[in-house]
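Working notes for the structure below.
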Amino acid sequence: MAVHPVLAAVTRRVVERSAGPRGAYLNRIREARSQGPVRGGMGCANLAHGFAACGVQDKLWLRGDVTPNIAIVSAYNDMLSAHQPLQDYPEILKTAIRAGGGTAQFAGGVPAMCDGITQGRAGMELSLFSRDVVAMATAVALSHDMFDGALLLGVCDKIVPGLVIGALSFGHLPAILVPAGPMASGLPNGEKAKVRKRFAAGEIGREQLLAAEAASYHSPGTCTFYGTANSNQLLMEVMGLHLPGASFVPPGTKLRDGLTEAAGRRILKITDLGEGYTPIGEMLDERAFVNGIVALLATGGSTNHTLHLVAMAAAAGIELTWDDFDELSKATPLLTRLYPNGTADVNHFHAAGGTAFLIGELIDAGLLHEDARTVGGDTLAAYRNVPEVAGGKVAWREAPGESGDTEVLRPAADPFDTHGGLHTVRGNLGRAVVKVSAVRPEHRTIEAPARVFDSQEALQDAFAAGELDRDVVAVVRNQGPRANGMPELHRLTPPLSVLQDRGHRVALVTDGRMSGASGAVPAAIHVSPEAAAGGPLARVRDGDVVRLDADAGVLEVLVSAEEFAAREPAEGPSDQTYGTGRELFQAFRQVVGPAERGAGVFSA
Numbered sequence: 012m013a014v015h016p017v018l019a020a021v022t023r024r025v026v027e028r029s030a031g032p033r034g035a036y037l038n039r040i041r042e043a044r045s046q047g048p049v050r051g052g053m054g055c056a057n058l059a060h061g062f063a064a065c066g067v068q069d070k071l072w073l074r075g076d077v078t079p080n081i082a083i084v085s086a087y088n089d090m091l092s093a094h095q096p097l098q099d100y101p102e103i104l105k106t107a108i109r110a111g112g113g114t115a116q117f118a119g120g121v122p123a124m125c126d127g128i129t130q131g132r133a134g135m136e137l138s139l140f141s142r143d144v145v146a147m148a149t150a151v152a153l154s155h156d157m158f159d160g161a162l163l164l165g166v167c168d169k170i171v172p173g174l175v176i177g178a179l180s181f182g183h184l185p186a187i188l189v190p191a192g193p194m195a196s197g198l199p200n201g202e203k204a205k206v207r208k209r210f211a212a213g214e215i216g217r218e219q220l221l222a223a224e225a226a227s228y229h230s231p232g233t234c235t236f237y238g239t240a241n242s243n244q245l246l247m248e249v250m251g252l253h254l255p256g257a258s259f260v261p262p263g264t265k266l267r268d269g270l271t272e273a274a275g276r277r278i279l280k281i282t283d284l285g286e287g288y289t290p291i292g293e294m295l296d297e298r299a300f301v302n303g304i305v306a307l308l309a310t311g312g313s314t315n316h317t318l319h320l321v322a323m324a325a326a327a328g329i330e331l332t333w334d335d336f337d338e339l340s341k342a343t344p345l346l347t348r349l350y351p352n353g354t355a356d357v358n359h360f361h362a363a364g365g366t367a368f369l370i371g372e373l374i375d376a377g378l379l380h381e382d383a384r385t386v387g388g389d390t391l392a393a394y395r396n397v398p399e400v401a402g403g404k405v406a407w408r409e410a411p412g413e414s415g416d417t418e419v420l421r422p423a424a425d426p427f428d429t430h431g432g433l434h435t436v437r438g439n440l441g442r443a444v445v446k447v448s449a450v451r452p453e454h455r456t457i458e459a460p461a462r463v464f465d466s467q468e469a470l471q472d473a474f475a476a477g478e479l480d481r482d483v484v485a486v487v488r489n490q491g492p493r494a495n496g497m498p499e500l501h502r503l504t505p506p507l508s509v510l511q512d513r514g515h516r517v518a519l520v521t522d523g524r525m526s527g528a529s530g531a532v533p534a535a536i537h538v539s540p541e542a543a544a545g546g547p548l549a550r551v552r553d554g555d556v557v558r559l560d561a562d563a564g565v566l567e568v569l570v571s572a573e574e575f576a577a578r579e580p581a582e583g584p585s586d587q588t589y590g591t592g593r594e595l596f597q598a599f600r601q602v603v604g605p606a607e608r609g610a611g612v613f614s615a
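Be aware that the sequence shown starts at 12, since it is given in the working numbering, and climbs by one per residue.
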């Protein structure tokens, strides 16, 4: 199947734009490979420290340099449902690797934050920065030079991108992401959203709200809505870092355990001591990242990945821009309806054909680079197959050729929409991202007076006081990475949705994040440059008319250029730097790069 001309053109530009840094990166990792298994050249004391706690057989193998040794890096903790199943993975993996003639060591743990727990609280201001902490912790785990490959255990929002960024700093090593899978479907997401809106409107109390939330988030596994965590899983599979079909198999099942064992067996084969050397730094090339963008767009995935994909690519010497997302979005059909862009969850998506059907449709439409390298086979074609347990082990078979539920997952010839779920907007307020897949066409354009806030609490107070019961563009500024770490602003969804349901024209404009769970209210997010870095949001005043046209790509304040330029930027709040550990991240806030470059501290 010929590659779609837009896919080819965008990929070509990414290659040309990235030639210098990508070439330098590849030279570095190839030089690292030339040193061979580094532990073979270690001093005796160094090596003895590295295997002192191992069993007899592992010690014998580690004394030499012909047996692959695999690092296990995990985001396990037993507070977070998505990561609790990872508790048993190290022993499962070690057993599979020993049976395959290799050794494995638990190299280190990385932190795992939950946006669901920290939502609307001060701890959320550490959330995005935790991605870079995870990257650094991954690098620390791999820095002992004992390893020939890595198994990365993580699922949710910042954890997976952080693991990938960290692994890319050891790009001469192969790496496989090992997921945990989603929890069983609980209270339908649409019903949960209705309860939240009723609580925001004052119609029900806390106990009713808590009962609904507990019925939705109820067991081990990833939350089932299609937010950043599950977007992570889908992207890792399409980019070739999961085994085929691994993303959405539930925890605690024979197939889940079988896939975990298979990851242990597979990593041995793709080390430099195996038969199919596949280093992560070479595997994650321009084709892989463009494939990731297309998969995000085709499924209406989390806008957080307009940050994370850019940051991960930069770690491999590849420069992605929001223009790449925008151009690909115009050529990518929307093939799924998953909450918040529909009523179904990822379990319904998986049952309807899941990643195998999606990948097959996009390949046949010329919208994925089928020849991209993967950990599961020579090319992405292997990901058209689905896993099953046969004879006590995982085997792969050809996926059904039709969707099992066209209300959830459609073929490329009959999409839900002819374009993807993300648009870029720009104007005299800067550039921003809008997730349109859940926004009705009649709501995508709004021109209304602004009400300016410097915190989400201030907006909620104004809503409770009845001050927003009109057409309004809510401008929530000083929420960018430099100001306060760029927290998620999902607590604003219910009140703004209530206003829209009342018939008002409503939109949100912010330099903060409103990502995976964003819904039907149009939101121009990640506004760059942010207010705290001198961005134009700092000059917006209450009553200014703001125009947002998500379809035409417009974000502007209707004030004369002369008047707007003459205004003094408003100062942001001064109480956002202490408490809940925020003071420890002052250095991050000072050096963090803009949202358009991934909002990271490594590529500022």
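Ideal Cβ placement from N, Cα and C applies to all residues, glycine included.
If we count the other Cβ atoms within 10 Å of its Cβ and call it buried at 16 or more, is residue i buried or exposed?
i    : result
T591 : exposed
H253 : buried
C234 : buried
L595 : exposed
L523 : The amino acid occupying residue 523 in the given sequence is Gly; Leu does not appear at that position. The residue in question, G523, is buried, as its Cβ has 16 or more Cβ neighbours within 10 Å.
Q467 : buried
M135 : buried
S585 : exposed
Y589 : exposed
L221 : exposed
T385 : buried
I40  : buried
E214 : exposed
Q116 : buried
T310 : buried
I108 : buried
R296 : Inspection of the sequence shows that residue 296 is occupied by Asp rather than by Arg. Looking at its Cβ environment, which holds 16 or more other Cβ atoms inside 10 Å, D296 is buried.
A598 : exposed
S571 : exposed
Rank the options by C-alpha distance to the C-alpha of residue i and give the top, closest one.
i    : options                   : result
R516 : N495, F464, I457 and P547 : I457
P398 : A257, G311 and M497       : A257
H155 : L37, N80 and G112         : N80
A191 : I128, K280 and Q98        : Q98
V321 : G311, T332 and S313       : T332
M147 : I128, D159, L162 and L179 : L179
D334 : T429, L18 and A13         : L18
T661 : T504, A406, E499 and Y228 : An answer regarding residue 661 cannot be provided, because it is not within the stretch 12 to 615 covered by the chain.
E607 : H94, G491 and V21         : G491
P101 : R132, I329, D268 and M250 : D268
G113 : T78, G514 and E297        : T78
D337 : V305, D356, F464 and E330 : V305
R437 : A542, V487, A461 and A535 : A535
N358 : V67, Y237, A563 and P422  : Y237
G431 : A327, V206, V445 and G182 : V445
D553 : C125, P540, L569 and A563 : L569
V419 : Q130, L369 and P505       : L369
L548 : V532, G530 and E567       : E567
For the alpha helix (DSSP H) that residue i lies in, which residues bound it at each end?
i    : result
S258 : First-last for S258: undefined, no H or E at that position.
V175 : I170 to L179
L519 : Counting along the chain, L519 falls outside any alpha helix (DSSP H), though it belongs to the beta strand (DSSP E) covering V517 to T521.
F158 : Where F158 is concerned, there is no enclosing alpha helix (DSSP H), given that its DSSP letter is neither H nor E.
L266 : K265 to K280
E293 : I291 to M294
T114 : Segment T114 to G120 is the beta strand (DSSP E) holding T114; no alpha helix (DSSP H) there.
T129 : D126 to T129
A443 : Not the alpha helix (DSSP H): A443 falls in the beta strand (DSSP E), residues G441 to K446.
For residue i, report the span of its beta strand (DSSP E) as first-last.
i    : result
I374 : Premise fails: I374 lies in the alpha helix (DSSP H), G365 to D375, not in any beta strand (DSSP E).
H15  : Neither: H15 is in no beta strand (DSSP E) and is coded neither H nor E.
S313 : It is not in any beta strand (DSSP E) - S313 carries neither H nor E in the DSSP assignment.
Give a yes or no on whether 8 Å exceeds the smallest Cβ distance from residue i to chain D.
i    : result
A274 : Absent from the structure is chain D; it holds one protein chain and no more.
**Message:** Between the stretch 470-483 and the stretch 497-515, can you find at least three pairs of beta-carbon atoms closer than 8 Å?
**Reply:** Yes, the stretch 497-515 touches the stretch 470-483.
**Message:** Restricting to runs no shorter than 3 residues, where is the beta strand (DSSP E) found entirely within the stretch 19-102?
**Reply:** Within the stretch 19-102, complete beta strand (DSSP E) segments of at least 3 residues are found at 80-85, given in chain order.
**Message:** Please give the ranges of any beta strand (DSSP E) in the stretch 546-604, keeping only runs that are unbroken, at least 3 residues long and fully inside the region.
**Reply:** Those beta strand (DSSP E) runs which fall completely within the stretch 546-604 and span 3+ residues are 556-560 and 565-568.
**Item:** Segment contact flag, the stretch 268-286 with the stretch 348-365, C-beta cutoff 8 Å, min 3 pairs
**Value:** Verdict: no, contact absent.
**Message:** Across the stretch 136-149 and the stretch 164-175, are there enough close Cβ pairs to call them in contact, namely three or more that are closer than 8 Å?
**Reply:** Counting C-beta pairs closer than 8 Å gives three or more between the stretch 136-149 and the stretch 164-175, which meets the contact rule.
**Request:** Counting only runs of 4+ residues fully inside the stretch 175-260, write out the alpha helix (DSSP H) ranges in chain order.
**Result:** Fully enclosed alpha helix (DSSP H) runs of 4 or longer: 200-211, 217-227 and 239-249.
**Message:** Report the start-end ranges of each beta strand (DSSP E) in the stretch 449-526 that is 3 residues or longer and not cut off at the edges.
**Reply:** Counting whole runs of 3 or more residues, the stretch 449-526 contains the beta strand (DSSP E) stretches 456-464, 483-487 and 517-521.
**Request:** Tell me, please, whether the stretch 406-426 touches the stretch 360-368 by the rule of three or more beta-carbon pairs shorter than 8 Å.
**Result:** Using a Cβ-Cβ distance cut-off of 8 Å, the stretch 406-426 and the stretch 360-368 are in contact, since at least three pairs of beta carbons, one from each stretch, lie closer than that value.
**Message:** Three Cβ pairs or more, each shorter than 8 Å: is that satisfied between the stretch 32-39 and the stretch 52-59?
**Reply:** Segments in contact, no.
**Asked** Between the stretch 101-121 and the stretch 76-92, do three or more beta carbon pairs fall short of 8 Å?
**Response** Three or more Cβ pairs drawn from the stretch 101-121 and the stretch 76-92 lie within less than 8 Å of each other, which places the two stretches in contact.
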